[in-house]
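A.B. asks:
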Amino acid sequence: MSEPILTYPAIASRALPIEDLRLLRNICDEHKFSYGVFCALIIKDVLHSQQLLDTYIRMTQQFEDDRKPATIEKMKVLREQLRQQEEELESLRAFKRAAQNSFESVL
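To convert, note that position 100 of the sequence shown is 101 in the working numbering; the numbers rise steadily by one, no gaps.
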């Protein structure tokens, strides 16, 4: 027999958007399931499947990494990419202006 758990983890609202919470509620309400039991059975399946566990560990790591503030080095790289894109955009605008001027002079 397992020991009772005195506290339960809350569902992280930053990982589960309101639309998904509504979907969970609709599924449980439609089938007259307890939310806690339904979620616990899903979690139990994941915990007992190494493949699923590995998948969710990777997903969680990526989720957490995506929310970390960018490092100074990353910001420098992003700034450089933005500068290059702005230069490319200005070149395209100059090309467009030259093409329009050329077209207008023909008319």
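Note that CB positions come from ideal geometry on N, CA and C, so glycine has one too.
1) How is HIS49 classed by DSSP in three states: helix, strand or coil?
2) In chain order, which continuous runs of the beta strand (DSSP E) of length 3 or greater are located wholly inside the segment 33-93?
3) Leaving out five residues on either side along the sequence, give the residues of the same chain with a beta carbon under 8 Å from the beta carbon of ARG26.
4) If you draw a straight line from the C-alpha of THR61 to the C-alpha of ILE73, how long is it?
5) Alpha carbon to alpha carbon, how far is LEU53 from ALA71?
C.D. replies: Taking the coordinates as given:
1) coil
2) none
3) TYR36
4) 24 Å
5) 29 Å
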